[in-house]
Amino acid sequence: MTGEDKPRVAFFDFTGCEGDQLQVINLEDRLLDLVEVVEVVSFREAMTEHSDEYEIAFVEGGVATAHDERRLTDIRDNADVVVALGSCAAFGGINALRNHQDFETVKERVYGEDADSITSYPIARPIEDVIEVEYEIPGCPIDREEFLGAVTALVNGAEPSIPNYPVCLECKFAENTCAFERGETCLGPITRGGCSATCVSAGTHCWGCRGMVDHPNEDAYTDVLEANGLTTEEVIEEYQLYWGWQRDQVAVADGDSQPVADGGER
Ligand code: SF4
Ligand code: SF4
Numbered sequence: 001m002t003g004e005d006k007p008r009v010a011f012f013d014f015t016g017c018e019g020d021q022l023q024v025i026n027l028e029d030r031l032l033d034l035v036e037v038v039e040v041v042s043f044r045e046a047m048t049e050h051s052d053e054y055e056i057a058f059v060e061g062g063v064a065t066a067h068d069e070r071r072l073t074d075i076r077d078n079a080d081v082v083v084a085l086g087s088c089a090a091f092g093g094i095n096a097l098r099n100h101q102d103f104e105t106v107k108e109r110v111y112g113e114d115a116d117s118i119t120s121y122p123i124a125r126p127i128e129d130v131i132e133v134e135y136e137i138p139g140c141p142i143d144r145e146e147f148l149g150a151v152t153a154l155v156n157g158a159e160p161s162i163p164n165y166p167v168c169l170e171c172k173f174a175e176n177t178c179a180f181e182r183g184e185t186c187l188g189p190i191t192r193g194g195c196s197a198t199c200v201s202a203g204t205h206c207w208g209c210r211g212m213v214d215h216p217n218e219d220a221y222t223d224v225l226e227a228n229g230l231t232t233e234e235v236i237e238e239y240q241l242y243w244g245w246q247r248d249q250v251a252v253a254d255g256d257s258q259p260v261a262d263g264g265e266r
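Residue numbers for the sequence shown follow the UniProt record's numbering, so the first one is 1 and each next one is one higher.
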């Protein structure tokens with residue numbers, strides 16, 4: 001494939017830790033496979049060159065400021081395909097931890113006497129709340145193989161294959177003892193699989209870092225929850241680490257009014 005017919009790819013970072021782009025850089029020798037099939041024209045974490053001419057934009061991080069919104073709109077204008085990279089971009093992720101806390105208190109805790117200089121919105125949002133997004137690659141951080149698979153699909157004009165089954169399925173394949181049987185709770189029944197249930201295999205439980213499966217109330221592995229006398233809503237309420245934004249979407253889908261985070265309107 002020559003430089004002329006390779007799709008041009010750009011990476012962008014918004015509010016987040018940049019851990020997903022680091023995963024791409026950590027592909028190391030497999031980066032050579034990547035640049036065989038795409039031309040990377042912008043990647044602040046890895047190169048100084050930049051171009052606004054690209055077909056595919058990978059966007060990491062959530063939306064927290066008015067500046068983020070303007071940048072995203074420009075990216076949308078330039079790109080044919082926008083891919084949300086990682087959980088903050090895909091569904092709010094860790095950034096949205098603040099969505100249900102008093103924002104002034106959060107700012108003071110993090111920035112101390114400089115809190116007043118922070119102009120962020122009190123609510124962190126995924127990028128699809130601002131622009132249209134074609135695909136999402138969840139994870140905190142993303143899985144490198146899943147990323148490579150998504151790039152391969154896009155280059156071949158296919159849709160990236162992101163699982164829509166719960167972590168429980170992979171957990172059973174891994175022959176783990178269920179966290180509920182250990183007297184713990186776990187978000188695995190309603191969390192999107194694709195991680196091989198890595199946290200349960202490591203002796204803990206699923207924290208939901210890959211976000212919810214689609215339609216968790218209908219399609220989730222509810223028999224695990226039911227067997228333990230729990231509902232989807234109860235386990236969501238217990239775990240706020242990643243789902244500060246998504247829990248509101250479930251509430252809206254169920255007919256509740258749109259919740260507004262403490263701290264005011266965005
Ligand atoms: S609830 Fe958690 S520990 Fe139990 S099977 Fe599902 S993912 Fe595994
Ligand atoms: S088990 Fe849950 S928290 Fe751990 S990597 Fe998988 S989705 Fe993320």
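Yeah, the Cβ is synthetic: ideal placement off N, Cα and C, and Gly gets one too.
Model, not experiment: these values are computed from the prediction.
Self-check item: Coarse secondary structure for Ala57, derived from DSSP in three states
Solution: strand
Practice problem: Would you tell me roughly how many angstroms separate the C-alpha atoms of Gly86 and Val130, rounded to the nearest one? | Solution: 16 angstroms
Quiz item: Smallest Cα separation from Gly244: which of Asn228, Val224, Met212?
Solution: Met212
Practice problem: Evaluate contact between the stretch 114–134 and the stretch 21–41, counting only Cβ atoms and requiring at least three cross-stretch pairs below 8 angstroms. | Solution: no
Quiz item: In whole angstroms, what separates the C-alpha of Asp223 from that of Glu175?
Solution: 18 angstroms
Exercise. Sort Ile162, Pro122, Ala89, Phe91 by Cα distance to His100 and report the nearest one.
Key: Pro122
Quiz prompt | Alpha-carbon spacing of Gly208 relative to Leu97, whole angstroms | solution = 13 angstroms
Quiz prompt | Under the three-state DSSP convention, the category Arg98 falls into | solution = helix
Quiz item: Near Asp262, what residues of its chain come up, given a Cβ to Cβ distance below 8 angstroms and the 5 sequence neighbours on each side ignored?
Solution: Residue confidence for Asp262 is low, a pLDDT of 37 falling below 50, so the modelled location carries little weight and cannot support an answer.
Quiz prompt | Ser42 burial status per 10 Å Cβ neighbour count (16 or more: buried) | solution = buried
Practice problem: Would you check whether ligand 1 has a heavy atom nearer than 8 angstroms to the C-beta of Ala202? | Solution: no
Practice problem: Using 8 angstroms as the cut-off, classify the Cβ of Phe180 as near or not near the heavy atoms of ligand 1, replying yes or no. | Solution: yes
Quiz prompt | Ile236 - containing alpha helix (DSSP H), residue span | solution = 232–238
Quiz item: How close, in whole Å, do the beta carbons of Gly139 and Tyr165 come, if the pair is a contact with beta carbons under 8 angstroms?
Solution: Rounded, the Cβ-Cβ distance is 15 angstroms, inconsistent with contact.
Quiz item: Beta carbon of Cys168, beta carbon of Ala197: below 9 angstroms?
Solution: yes
Quiz item: DSSP state of Asp143, grouped into three classes?
Solution: coil
Quiz item: So is the beta-carbon of Val155 under 8 angstroms away from any non-hydrogen atom of ligand 2?
Solution: no
Quiz prompt | Enclosing beta strand (DSSP E) for Val167 [first to last residue] | solution = Note, Val167: premise wrong, no beta strand (DSSP E); alpha helix (DSSP H) at 167–173.
Quiz item: What residues in its chain sit with their C-beta under 7 angstroms from that of Tyr239, if we drop five residues either side in the sequence?
Solution: Leu187, Trp207, Gly208
Exercise. Kindly examine ligand 2 and report whether one of its heavy atoms sits closer than 8 angstroms to the Cβ of residue 316.
Key: As displayed, the chain neither begins before 1 nor continues past 266, which places residue 316 out of reach and without an answer.
Practice problem: Would you give the residue range spanned by the beta strand (DSSP E) that Arg8 belongs to? | Solution: 8–13
Self-check item: Val200: first and last residue of the uninterrupted alpha helix (DSSP H) it sits in
Solution: 198–201
Practice problem: Taking Tyr135 as part of the beta strand (DSSP E), name the residues at either end of that continuous run. | Solution: 135–137
Exercise. Give the secondary structure of Ser117 by DSSP, where H, G and I count as helix, E and B as strand, and everything else as coil.
Key: helix
Practice problem: Report all residues from its chain with a CB closer than 7 angstroms to the CB of Thr231; omit the five preceding and five following residues, and keep chain order. | Solution: Leu225
Exercise. Count the other C-beta atoms from every protein chain shown that fall within 10 angstroms of the C-beta of Thr191, then say buried if there are 16 or more, exposed otherwise.
Key: buried
Quiz item: So does His67 have its beta carbon nearer than 8 angstroms to some heavy atom of ligand 1?
Solution: no
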